[in-house]
Amino acid sequence: PGSTGWSDNGQPATLGVMGGGQLGRMFVHAAQSMGYFTVVLDPDTSSPAGLVSHQHIQRDYLDTQGLAKLVQHCAAVTTEFENVPAAALATLAATRPTAPNAEAVAIAQDRIQEKAHLARSGVPVAPYAVIENAADLATVADSLLPGILKTARLGYDGKGQLRVSNRAELASAWDALKHVPCVLEQMLPLADECSVIVARGWDGACVHFAPQRNLHRQGILAVTQAYEGNLPPALVDKAVTATKKIADELNYVGVLCVEFFVLAEGSPESAALGGLVVNEMAPRPHNSGHYTLDACDQSQFDLQVRTLAGLPLVQPRHHSAAVMLNLLGDLWVNGCIPPWDTVLALPGVHLHLYGKLQAKPGRKMGHLTVTAATAAEANAVALEAARLLG
Ligand code: ADP
Ligand code: MG
């Protein structure tokens with residue numbers, strides 16, 4: 008799709024994005040810095056991306072007129088939000104290059120389809136069972152308990168999942184989740200969590216960022232550490248290879264993030280599964296890749312623009328050790344503003360706020376990345392920033 012590149016009759020082309028959250032906002036920033044016009048489709052009148060885009064179509068994702076307007080304005084469309092209905096992407100793809108494709112998004116939207124795809128790709132996943140009716144509950148293998156029951160659809164930030172230690176708890180958890188289709192995963196002994204972000208072009212060329220190490224708090228990503236030595240070296244290549252395999256199998260175009268569990272060394276689960284299993288994937292840039300804005304010569308959003316526009320993909324270079332801290336709404340307690348003046352007085356701090364008008368507990372309001380020459384320095388400054396933020 009060379010026609011989606013630099014110009015449209017001599018004018019910069021317009022790139023469209025489905026979804027107006029912070030990921031869309033950072034895509035818009037990257038696209039605009041390369042001279043593109045942007046159009047965002049999101050029903051929220053004050054969406055973070057809508058606030059900074061040249062155009063904002065305030066319609067529902069399946070609204071026929073909204074989709075028609077998007078197509079009319081843009082040369083190509085991407086998505087920033089995995090719950091954009093796959094049907095909307097399929098409609099767009101009929102007339103415009105659309106990346107990622109509807110099928111990849113549909114697979115990532117549904118844990119049952121996702122697990123099946125991962126199995127087809129030959130990458131290990133946590134042992135699991137599909138729970139779609141009461142009979143499925145009865146046939147669950149004992150080895151899956153204790154486990155985590157997760158809704159097949161619409162879970163994020165640890166929502167839509169319950170930990171269960173026996174069959175009675177499993178039955179009541181399924182009741183609590185209102186009998187929607189679920190997967191039950193065996194609870195694995197985790198040593199670490201990490202993720203890999205790749206960008207794959209229309210021609211199948213693929214570039215990647217090295218795995219970042221992720222620390223979660225209450226199911227929400229809290230900290231990402233991105234520097235050499237953050238993970239056992241043997242796992243690094245394995246995780247990158249698995250991610251590329253998954254992207255190839257999906258014939259994926261765009262930015263894809265795959266999350267992994269690193270299993271506790273010496274555990275029977277680790278021996279059985281080879282030390283590393285895929286947790287889930289996100290068909291878009293990912294929170295754990297925000298450090299690439301400040302610590303790499305191309306960010307995950309730059310690569311999203313390049314893949315969408317059919318521009319060359321060049322392996323990004325990670326030039327600074329980085330630690331990213333998520334800034335949740337909890338920091339804005341009682342209308343107070345976090346102490347930015349003291350935090351920004353620390354060396355190597357990059358503050359990113361998403362322009363969300365209302366802070367709520369657990370809501371992702373922004374992030375900050377600390378860059379430094381060494382991992383020790385980045386960690387020390389990040390620790391100090393976290394202490395100042397309370
Ligand atoms: P979400 O879609 O909300 O991110 P995940 O499936 O990634 O949900 O689960 C959230 C977190 O719960 C994971 O990052 C991990 O810390 C923990 N977790 C999920 N599944 C397992 C598992 N099978 N074994 C151990 N911990 C798990
Ligand atoms: Mg997750």
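To convert, count from 1 in the sequence shown and add 7; that's UniProt numbering.
For glycine and all other residues, C-beta sits at the position ideal for the given N, C-alpha and C.
None of these values were measured; they are calculated from a predicted model.
> How about the segment 279 to 294 and the segment 127 to 134: do they share at least three Cβ pairs that are nearer than 8 angstroms?
Replying inline: yes
>> Please report the straight-line C-alpha distance between Gln168 and Trp181, rounded to a whole angstrom.
In response: 10 angstroms
> In three-state terms, what does DSSP make of Arg160?
Replying inline: strand
>> As a quick check of your reading: which residues have a C-beta less than 7 angstroms from at least one non-hydrogen atom of the ligand MG, in chain order?
In response: Glu266, Asn286 and Glu287
>> Could you tell me the alpha carbon to alpha carbon distance between Gly9 and Gln79, rounded to whole angstroms?
In response: Any reading at Gly9 must be qualified, since the residue scores a pLDDT of 48, below 50, and its modelled position is unreliable; no value is offered.
> Are the beta-carbon atoms belonging to Glu89 and Pro290 less than 8 angstroms from one another?
Replying inline: yes
> Distance, Cα to Cα, Gly317 vs Phe216?
Replying inline: 19 angstroms
> When the distance is taken between beta carbons, is Ser60 closer than 8 angstroms to Val91?
Replying inline: no
>> Using only CA atoms, which one of Val187, Asp164 and Phe268 lies nearest to Glu200?
In response: Phe268
> Run through DSSP, which three-state label would Pro292 get?
Replying inline: coil
> For Ala246, which of Gly281, Ala329, Gln365 and Arg118 has the nearest alpha-carbon?
Replying inline: Gly281
> If we count the other Cβ atoms within 10 Å of its Cβ and call it buried at 16 or more, is Ala352 buried or exposed?
Replying inline: exposed
> In terms of residues, what are the limits of the alpha helix (DSSP H) holding His124?
Replying inline: Arg118 to Arg127
> Using DSSP with H/G/I as helix, E/B as strand and the rest coil, what is Asn34?
Replying inline: The amino acid occupying residue 34 in the given sequence is Phe; Asn does not appear at that position. Correct three-state label for Phe34: helix.
>> Could you check whether the Cβ of Gln18 sits closer than 7 angstroms to any heavy atom belonging to the ligand ADP?
In response: no
> Is Met372 near the ligand ADP, going by C-beta to nearest heavy atom under 7 angstroms?
Replying inline: no
>> I'd like to know if the segment 171 to 178 and the segment 118 to 129 are in contact, where contact means that at least 3 CB-CB pairs between them fall below 8 angstroms.
In response: no
>> Give me the DSSP bridge partner(s) of Pro50.
In response: According to DSSP, Pro50 bridges with nothing at all.
>> Suppose you measure from the CA of Asp67 to the CA of Val47; what does that come to, to the nearest Å?
In response: 11 angstroms
> With DSSP run on the structure shown, which of helix, strand or coil describes Asn258?
Replying inline: coil
> Where does the unbroken beta strand (DSSP E) through Gln79 begin, and where does it stop?
Replying inline: That residue, Gln79, is in no beta strand (DSSP E); its alpha helix (DSSP H) goes Thr71 to His80.
>> Less than 7 angstroms separating the Cβ of Leu195 from some heavy atom of the ligand NAP?
In response: Ligands displayed in this structure: the ligand ADP and the ligand MG; the ligand NAP is not among them.
> Is Glu287 helix, strand or coil by DSSP?
Replying inline: strand
>> For Ala95 and Leu69, which I take to be in contact (beta-carbon distance under 8 angstroms), what is that distance rounded to the nearest angstrom?
In response: 5 angstroms
> Do Leu161 and Val171 have their C-beta atoms within less than 8 angstroms of each other?
Replying inline: no
>> Mapping the DSSP letters down to three states, classify residue 399 as helix, strand or coil.
In response: Outside the shown range of the chain, which is 8 to 397, sits residue 399, and nothing can be said about it.
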